[in-house]
Amino acid sequence: MKVFIPPRNRRLGTVDYMGLMGLVGLLVARYIPVAQIIPFWGCVLRERTGWPCLGCGLTRVADRVSHFNFEGAWEANPLGTVAAILFALAAVAMVVHLVFAVPIPEIQLSAKEWRAFQVVMPVIVLVNYAYVVVKTRFPHLLL
11 MKVFIPPRNR
21 RLGTVDYMGL
31 MGLVGLLVAR
41 YIPVAQIIPF
51 WGCVLRERTG
61 WPCLGCGLTR
71 VADRVSHFNF
81 EGAWEANPLG
91 TVAAILFALA
101 AVAMVVHLVF
111 AVPIPEIQLS
121 AKEWRAFQVV
131 MPVIVLVNYA
141 YVVVKTRFPH
151 LLL
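Heads up, the sequence shown is in my numbering, so the first residue is 11 and it goes up one at a time.
1. Please look up how many angstroms separate the CB atoms of Ala39 and Asp73, rounded, as I've assumed it's under 8 angstroms.
2. Which of helix, strand or coil does DSSP assign to Ile114?
3. Based on the DSSP output, what are the partners of Lys145 in its beta bridges?
4. Report the rounded CA-to-CA distance for Ala103 versus Ile114, giving the unit in angstroms.
5. With a floor of 3 residues, list each beta strand (DSSP E) that falls wholly inside the segment 65 to 128, ordered by position along the chain.
6. Quick check: Val133 and Trp61, are their CB atoms within less than 8 angstroms of each other?
7. Assuming Lys145 and Leu152 make a contact with CB atoms under 8 angstroms, what is their CB distance in whole Å?
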């Protein structure tokens, strides 16, 4: 892995765009009760079959992270909590970068590291999904 630190700049990059998405998403989650005001909001798969989908719990995660309830967010969806926190950190980095022209380090993975990432990430997603399934369908199996 190589880390590059560019010169001071205010050019928009990937972290800035992710930060903007995170900021908007967390502000919406904080101030607009989407799940309560939209009548069709919910997981169709879970409503019809009782089984959660890969994204089950993400609305609760966004709401709970935006209210600093990290334990409740983790309970809803652990991987979603990590993602929401990373989006929040990207929002902070975006503000610091654009206001103070602080450069955001750029990371470049080698081909071997990229292949490892491509193997590890689906495994992490599947483990998270297994946890969500066990938690919602078989809660008695968890301590």
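Positions of the beta carbon are idealized from the N, C-alpha and C atoms, including for glycine. These numbers were taken from a predicted model, which means no experiment stands behind them.
Checking against the coordinates, here is how it stands:
1. 5 angstroms
2. In this structure, DSSP gives Ile114 a state outside helix and strand, which the three-state scheme calls coil.
3. According to DSSP, Lys145 bridges with nothing at all.
4. 8 angstroms
5. 116 to 118
6. Not in contact: Val133 and Trp61 (Cβ atoms no closer than 8 angstroms).
7. 6 angstroms
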